[in-house]
Structure formats: structure tokens, C-alpha cells
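Enquirer: To start, I am sharing the structure in question, which I have written as C-alpha cells.
2 protein chains.
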Amino acid sequence: MSGDVLAVDIGGTKFAAGLVDATGRLRAVHRTPTRPGGNAEELWSDLTALLDRVLAAGGNPDIIGVGVGSGGPMRWPSGEVSPLNIAGWRDFPLRERLADRHPGIPVRVHNDAVAVAIAEHWLGAGRGVSHMLGMVVSTGVGGGLVLGGRLLDGATGNAGHIGHLVVDPCGPPCVCGGLGCLEAVARGPALARWAHERGWRANGAATGRDLTDDARAGHPVARAALARGGEAVGVAIASVMALCDLELVVIGGGISQAGDLLFGPLRAALDRHTGLEFTEAVRVVPAGLGQESGLVGAAALLHQGARYWSAG
Amino acid sequence: MSGDVLAVDIGGTKFAAGLVDATGRLRAVHRTPTRPGGNAEELWSDLTALLDRVLAAGGNPDIIGVGVGSGGPMRWPSGEVSPLNIAGWRDFPLRERLADRHPGIPVRVHNDAVAVAIAEHWLGAGRGVSHMLGMVVSTGVGGGLVLGGRLLDGATGNAGHIGHLVVDPCGPPCVCGGLGCLEAVARGPALARWAHERGWRANGAATGRDLTDDARAGHPVARAALARGGEAVGVAIASVMALCDLELVVIGGGISQAGDLLFGPLRAALDRHTGLEFTEAVRVVPAGLGQESGLVGAAALLHQGARYWSAG
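First to last, the sequence lines map onto chains X and S.
So for the first sequence, the numbering used here puts the first residue at 1; every next one is plus one.
So for the second sequence, the numbering used here puts the first residue at 1; every next one is plus one.
Have a look at this one:
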């Protein structure tokens with residue numbers, strides 16, 4: 001299909017949108033902060049204003065579809081979303097609302113980490129690969145699996161939740177209700193809190209971004225926290241490699257920008273926890289696209305639907 | 001395809017073979033113990049004698065193909081096998097040898113735990129399900145994933161190695177070279193050794209079978225060992241559920257015959273380690289087929305090749 005897709009990224013910090021053509025080129029990108037404490041209709045109103053702004057900036061083109069990456073959980077493919085970090089939307093019928101507003105064209109909603117994974121597969125570090133895990137290590141930890149060249153959706157559209165692999169059975173409780181999940185250990189706020197409890201930035205709120213900054217500047221506790229995160233990610237990846245027989249793992253998200261401070265301990269953990277011959281050739285690399293990759297992936301749900309949209 | 005498949009199961013304890021028709025009915029089954037210390041040609045000679053016996057017992061039918069489930073690792077789909085428990089075969093060209101002996105018909109070799117998984121999907125507890133994990137907990141721990149109704153082979157035919165998910169980063173070393181793998185904790189010999197170190201059957205060699213017998217009779221250390229195994233299996237399944245968004249997990253193999261002594265702690269661990277809504281509906285059940293399911297699955301590589309054989 002040629003023509004533009006209206007691509008949308010729904011996150012707890014910001015909403016972003018833009019126009020993406022069939023080659024993956026992104027234009028007319030705008031953002032708006034997610035209204036703190038906003039109710040369902042306030043959030044919807046902010047979103048529609050943003051989309052109008054994007055369409056106007058793009059010259060009001062005919063769009064061929066709307067693609068959305070949203071924080072989970074959600075019902076899929078029906079697209080009622082309940083993003084953990086957006087309290088005002090619980091079972092909010094985002095797909096249906098967008099379809100009412102943009103009649104006659106398909107509207108497809110998927111998980112935001114899945115969007116990043118398929119963007120990396122379409123145009124980023126995973127281009128041409130058949131079996132890959134794409135993951136995001138940021139405020140949360142999520143991902144998507146491309147197997148045999150196609151996105152794995154699973155029974156309910158929720159495949160790829162690598163953040164909820166158990167990396168330490170005696171580990172901390174997770175927001176999902178489980179114990180010892182990767183996300184409970186390695187998401188930015190968990191690493192920041194772990195460092196905080198050990199004396200890092202004892203007198204102020206601090207974020208995963210602060211943590212990576214201080215680690216780069218040499219702060220030993222900040223470095224230890226990133227090492228802790230990297231080890232946990234490495235354990236999880238070792239498990240996925242054994243289970244899914246991958247060629248490639250692509251890691252994006254804010255915490256991944258710590259570079260070797262994360263990837264060093266990650267690779268050491270991989271070495272410790274993998275031994276099977278077929279895991280040895282798997283490459284583990286940083287994301288190839290920038291922070292707008294979620295929009296590119298949301299558009300890929302339409303532009304590359306044969307590979308990334310199984311719901312018909 | 002109608003007609004019989006000559007089905008073969010290559011294990012460290014025994015070789016088994018039989019004829020399987022297009023409905024999955026198995027007949028003319030024979031077995032021979034795996035010759036201890038046998039070299040490559042001795043093992044091959046034992047196998048061919050077994051196959052001749054099966055074909056004669058079956059009335060020398062025209063067979064439409066040969067399907068093999070073999071202990072891993074192996075090269076796939078070329079079928080050079082190096083079963084961990086059969087030292088005499090290292091990169092043994094099993095597929096090629098069988099193809100020379102049975103010219104003009106396809107010969108397909110896959111992992112023995114994969115064979116059990118696809119048998120359960122074809123005719124057992126997984127019939128009609130689209131997304132399932134089939135696993136075997138026995139002398140080793142292995143499995144196969146059926147996703148979207150088809151076997152996942154992965155990049156090199158090695159997908160499904162659930163025995164090498166990391167269930168405890170500080171756990172025991174595994175034969176694969178990793179640390180804390182499910183198999184290192186939960187395979188029968190590991191559980192027996194764990195119990196032995198705690199005073200169970202202190203003066204004799206003992207097997208996983210002895211362990212389940214004694215646990216059923218109420219021996220507290222034997223029960224604790226099975227609970228340890230069940231918990232580790234539960235942790236691994238929790239991770240696979242999050243990653244692959246399954247409908248069903250089917251568990252077979254000798255240790256699984258301990259029933260609630262294994263499944264009770266397994267379900268408790270699943271409860272502790274899963275919280276996401278989409279994992280709650282996943283059923284975890286014992287295998288529906290008997291101990292010959294590996295032969296049925298080996299035949300399914302041919303009778304149901306569209307679903308279970310992707311290599312062309």
C-alpha cells in the first residue's frame with residue numbers, strides 16, 4: 001500500500017504521533033505530555049488535538065490507515081487499552097474511537113514494545129533476520145518476537161512479554177503480581193530505587209536517566225545498579241535463546257543507552273548461562289533506530305501487515 | 001498421505017521402532033536396549049536389525065517415509081545426531097544412512113522431545129489447540145512449541161529447549177555448560193542426587209523412578225525432591241507463558257508420573273510467578289498419550305508434515 005499511515009504512540013509520559021510512508025519515512029511528528037490524572041475523555045481530547053495537529057502539519061493527506069503502539073495491557077485485536085501508567089484509561093475503546101473518527105480505513109492497535117520490535121525488524125538492526133527478539137529496557141521492560149519472519153502474537157495478542165520472565169525466583173515482587181520478574185529487577189525505576197537504597201542520590205527523586213548519567217560519570221553504586229540490570233537482562237535472554245532458537249536480540253529503550261555499562265554485565269551473564277551450541281552464534285545488539293521507532297513500528301502494522309498483523 | 005510410516009525413537013536407554021498409519025495408530029512395535037559403550041557401527045547394526053524386525057512383524061508393507069525422534073543435539077534438518085547419552089554417535093549421519101537404506105521416500109529426523117510434543121498436539125492432550133508447549137520431564141528435560149498451530153523449529157531446528165531456561169541464576173551447573181538451567185535442577189538424576197545428599201537411599205544407586213516410588217510411599221526427602229522439581233518446572237512454565245502467550249502446557253515423561261507430588265508444587269510456583277491476566281487461562285495438564293508417543297510424533301513429521309515439518 002502506498003500513502004501515509006497515521007502512527008500513534010501512547011505512553012505514560014507522552015503521546016506522540018506522525019505520518020509514516022510506505023518506506024518507513026516519518027514526518028510531521030508532534031508530541032504532547034500525557035495529562036497527569038487526566039480522565040478518559042480529557043486524555044482522548046488531548047489525543048485528537050494532537051492528531052489534528054499532525055494531519056495539518058502533514059498537509060492533510062489521505063491516510064490509508066491508523067497504527068497505534070500503546071502501553072499494555074490491552075485486549076487484542078479489539079484494542080481496548082488499559083495502560084498501566086495511564087490510570088484514566090481502563091478498557092478504553094481506543095481502536096473503536098479512532099475507527100469512528102477515521103471511517104473506511106483500518107485501525108490497528110498493538111503493544112508499544114511490540115511496535116519497537118517490528119520497527120527494528122522492518123528497518124533497523126533486525127532487517128532481513130528471520131528469528132529475533134526485540135526488547136525495550138526503560139520505565140518498563142517489554143518486547144516482541146519475530147519468528148519465521150513474522151510477528152508472534154500468541155493466543156491473545158500478548159506474546160513477547162519478556163519483562164515477565166522469571167529471572168530470580170526469590171526476587172522482588174512485580175507490578176504484574178508475580179515474583180522475580182525481569183521487569184521488577186531491571187526497569188529504570190527499580191534500578192534507581194535499588195541504588196537509592198544503597199546511598200545513591202539519598203536526598204532526591206531520581207530516575208533511570210539520572211542513573212545512567214551518574215554511572216557514566218563513574219558513580220560506583222550507579223554502575224552496580226546498571227550491572228544488576230544487565231545481568232538480569234542477560235539471564236532472560238539466555239532463556240529466550242534456548243526456547244526460541246534465535247539469530248538476533250535487539251535491545252532499545254532508555255536504560256539500553258548506558259552502553260557497555262549495561263551490555264558488559266549482560267554479555268557476562270549470557271556467557272555464564274548459555275552453553276548449547278546453537279545459542280553461541282546469536283548476536284545481541286543495541287537498537288538501530290532512534291526514539292521514534294515506536295511510531296515506525298505502529299505504521300508497520302499497516303504498511304507491512306502481512307508480516308506483522310495476523311488478526312485479519 | 002496414506003500408508004505406514006516407519007517410526008523410530010533413539011534414546012540412551014533403548015531404541016524403539018514401529019509402524020504408524022495416517023490416523024496415528026501404532027503397530028509392530030519392537031525395542032532393543034541401547035548397547036552400552038557401542039561404537040557407531042555397532043549401534044547402527046543394532047538399529048537396522050530392529051527395523052528389519054519391525055518391518056517383518058508388520059508384513060513388510062510399503063512405507064511412505066521414515067520419521068525419527070532422537071536425543072539431541074543434532075544438525076537439523078540434515079540429521080547428523082550426537083545424542084548426549086549415546087557416546088558412540090557423534091555427528092552420526094543418521095538421516096543419510098536411513099535414506100540410503102530406504103531410497104525414494106523421505107526420511108525426517110527431529111528432537112525426541114519435539115516428537116513427544118507434536119504427538120500430544122496431533123492426537124493427545126493438545127488436540128485442536130493453537131498455542132502450546134509440550135514438555136518431557138525425565139532423564140532430561142526437553143520440549144517443543146506449537147505456535148499458531150505449527151511446530152516452531154527456530155533458526156537451526158533447536159527451538160523448544162525448555163530444559164535450558166534459567167530457573168535459578170545461582171543454581172547448579174548444567175551439562176550444557178550453563179548455570180541454573182531447569183534441566184540441571186529438575187531432571188530425574190538431579191532430583192535423585194539432591195535427595196541422596198539429604199539421606200535418601202544413602203547406600204545404593206537410585207533413579208528418578210525410585211524417587212517417585214518412594215515419594216508415593218511417603219518418604220519425606222523424596223517428596224521434597226519432587227517438590228523442588230515441580231517448583232523449578234513451574235518457574236520455567238511461568239516464563240514461557242509470559243513470552244509466548246499460550247493456551248496449554250502438556251507435561252509428560254517419567255517424573256511427571258509422580259502426579260500431584262510434582263504438579264502440586266508446580267501449580268503453587270505458577271501462582272507465585274504469574275500475574276498477567278492472559279496467563280491465568282492457560283491450562284497445565286499431564287500428557288494424554290502413553291510412553292510410545294515419541295513414535296507417534298516421529299511419524300507425524302511425515303503424516304502431518306504441513307504442520308510439523310518446515311524444512312521442505
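The C-beta atom is built at its ideal place from N, Cα and C for all residues, glycine as well.
(1) Suppose the cutoff is 6 Å on Cβ atoms and the five residues either side in sequence are ignored; what does the same chain contact list for residue 299(X) look like?
(2) Could I get the ranges of all uninterrupted beta strand (DSSP E) runs contained in the region 101–139 of chain X, with 3 residues as the minimum, in chain order?
(3) Is there a C-beta anywhere in chain S that falls below 8 Å from the one on residue 130(X)?
(4) How is the beta strand (DSSP E) around residue 251(X) delimited, first residue to last?
(5) Within the same chain, show all residues whose beta-carbon is closer than 7 Å to that of residue 91(S), passing over the 5 residues directly before and after it, in chain order.
(6) Taking 8 Å as the cut-off, decide whether the C-beta atoms of residue 249(S) and residue 282(S) are in contact.
(7) Pair every Cβ in the region 164–176 of chain S with every Cβ in the region 228–245 of chain X, then say whether three or more of these pairs are closer than 8 Å.
(8) Taking only three categories from DSSP, how would you classify residue 25(S)?
(9) Run the CB neighbour count on residue 306(X), radius 10 Å, all protein chains shown included, and call it buried at 16 or more, exposed below.
(10) Below 9 Å on C-beta distance, what does residue 168(S) contact in chain X?
(11) Suppose contacts are defined by Cβ-Cβ distances below 8 Å. Is residue 188(S) in contact with residue 208(S) by that definition?
(12) Select from 309(X), 295(X), 32(X), 105(X) the residue whose C-alpha is nearest the C-alpha of residue 119(X).
(13) Quick check on residue 48(S): does DSSP put it in helix, strand or coil?
(14) Output the residue ranges of the alpha helix (DSSP H) runs that lie fully inside the region 167–254 of chain X and measure 4 residues or longer, sorted by chain position.
(15) Taking C-alpha atoms, which residue in 34(X), 18(X), 22(X), 37(X) lies nearest to residue 28(X)?
(16) Assess, as a yes-or-no matter, whether the region 139–148 of chain X is touched by the region 106–117 of chain X under the definition of 3 or more beta carbon pairs within less than 8 Å.
(17) Have a look at the DSSP bridge pairing and note the partners of residue 10(X).
(18) Are three or more beta carbon pairs between the region 216–228 of chain S and the region 88–106 of chain S nearer than 8 Å?
(19) What residues in the region 59–83 of chain X have a beta carbon less than 7 Å from any beta carbon of chain S?
(20) Using only CA atoms, which one of 108(S), 100(S), 152(S) lies nearest to residue 243(X)?
(21) Just to confirm, is the Cβ distance from residue 126(S) to residue 135(S) under 8 Å?
(22) Can you tell me whether residue 25(X) is buried or exposed? The criterion is at least 16 other CB atoms within 10 Å of its CB, across all chains shown.
(23) Excluding the 5 residues preceding and the 5 following residue 226(S) in the sequence, name in chain order all residues of the same chain whose CB lies nearer than 8 Å to its CB.
(24) Quick check: is the beta carbon of residue 15(X) nearer than 8 Å to any beta carbon in chain S?
(25) Excluding sequence positions up to five away, which residues of its chain have a Cβ less than 6 Å from the Cβ of residue 383(S)?
(26) Residues bridged to residue 283(X) by DSSP?
(27) Compute the Euclidean distance between the alpha carbons of residue 10(S) and residue 198(X), then round it to the nearest angstrom.
(28) If I'm right that residue 314(X) touches residue 89(X) with Cβ under 8 Å, what's the distance once you round it to whole angstroms?
(29) Quick one: does residue 259(X) have its CB under 8 Å from some CB of chain S?
(30) Determine, using beta carbons only, whether residue 11(X) comes closer than 8 Å to chain S.
(31) Output the distance between the C-alpha atoms of residue 284(S) and residue 31(S), rounded to the nearest integer angstrom.
(32) Just verifying my parser: in three-state terms, what is the DSSP assignment at residue 292(S)?
(33) According to DSSP, is residue 265(X) helix, strand or coil?
(34) Kindly indicate the opening and closing residues of the beta strand (DSSP E) around residue 144(X).
(35) Any idea what DSSP makes of residue 313(S), helix, strand or coil?
(36) Can you find a heavy atom of the ligand SAM that lies under 7 Å from the Cβ of residue 188(X)?
Expert: Reading off the structure:
(1) 5, 7, 20, 67
(2) 107–111, 132–137
(3) yes
(4) 248–252
(5) 80, 82
(6) yes
(7) yes
(8) coil
(9) exposed
(10) 168, 169, 170
(11) yes
(12) 295(X)
(13) helix
(14) 182–186, 188–196, 208–216, 220–244
(15) 18(X)
(16) yes
(17) 15(X), 70(X)
(18) no
(19) 73
(20) 152(S)
(21) no
(22) exposed
(23) 191, 211, 212, 215, 255, 258, 261, 262, 265
(24) no
(25) Since the first residue shown for chain S is 1 and the last is 312, residue 383(S) is missing from the structure and cannot be characterised.
(26) 248(X)
(27) 54 Å
(28) Residue 314(X) is absent from the model: chain X starts at 1 and stops at 312.
(29) no
(30) no
(31) 31 Å
(32) coil
(33) helix
(34) 141–147
(35) Because chain S is modelled from 1 through 312, residue 313(S) falls outside the range shown and cannot be assessed.
(36) Among the components modelled here there is no ligand, and therefore nothing to report on the ligand SAM.
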